[in-house]
Amino acid sequence: MTRIAPCLWYDGTAEDAANFYAATFPNSSVDAVHRAPADYPNGQAGNVLTVEFTVLGMKFLGLNGGPMFKFDEAVSFMVHTKDQEETDRYWNAIVSNGGQELACGWCKDRFGLSWQITPQALLDMMTSTDKAASKRAMEAMMTMHKIDIATLEAAFRGD
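Under my numbering, think of the first position of the sequence shown as 689, with each following residue one higher.
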């Protein structure tokens, strides 16, 4: 049993979000949908109140708490990708389904949650002991929305 799980506050879209994440990422699922046993400040008895779901093997709870709180970039989920194909697949799934492109590998899904779709190659370049190469890769990354590994590799090499 997981002893800690993030609780994500949605405005009535927790079940839709959980279904989207389960369809987008491997090792993901909608695990349980719980309906409110009584009326509550932003809903009625019988409405979906919480949704337990798993994304990439990590447990979450979605709470349909109402419109008072919104996601912002202070919290984001970093997804490490193995190659350009995986990077493109996740990025495109999020952005093309009502999401939004942001800078440097960040994007926002239609529910307002921020994601960092981050190839392992980028992390390797940024932490290289070759500081000049890391600087070139970072400068190239700063011009991107979706990360382009080939362009980063060229910058890293100094091409």
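Beta carbons: idealized from backbone N, C-alpha and C, even for Gly. The model shown is predicted, which means the values in this text are computed figures rather than measured ones.
- Ser822 is the residue among Gln808, Ser822 and Cys695 whose C-alpha sits nearest the C-alpha of Ala842.
- Rounded to whole angstroms, the Cβ separation of Gly787 and Asp699 is 17 Å, and the two are not in contact under 8 Å.
- Counting along the chain, Arg798 sits inside no beta strand (DSSP E), nor does DSSP assign it H or E at all.
- DSSP places Asp719 outside any alpha helix (DSSP H); the residue lies instead in the beta strand (DSSP E), whose first and last residues are Ser717 to Arg723.
- Gly731 is bridged by DSSP to Tyr728.
- Rounded to whole angstroms, the Cβ separation of Ile835 and Gly793 is 4 Å, and the two are in contact under 8 Å.
- For Lys747, the enclosing beta strand (DSSP E) has its first and last residue at Met746 to Asn752.
- Judged by DSSP secondary structure, Met766 falls within the beta strand (DSSP E) whose first and last residues are Ser764 to Thr769.
- Under the 8 Å Cβ criterion, the segment 768–781 counts as touching the segment 805–818, having at least three qualifying pairs.
- Scanning its chain for C-beta atoms nearer than 6 Å, with the 5 sequence neighbours on each side dropped, one finds around Ala809 the residues Ile837, in chain order.
- Remark: C-beta atoms of Trp697 and Phe748 do not approach each other more closely than 7 Å.
- Note on Met689: under 16 other CB atoms within 10 angstroms of its CB, so exposed under the neighbour-count rule.
- When only Cα atoms are considered, Ala720 and Met829 end up about 39 Å apart.
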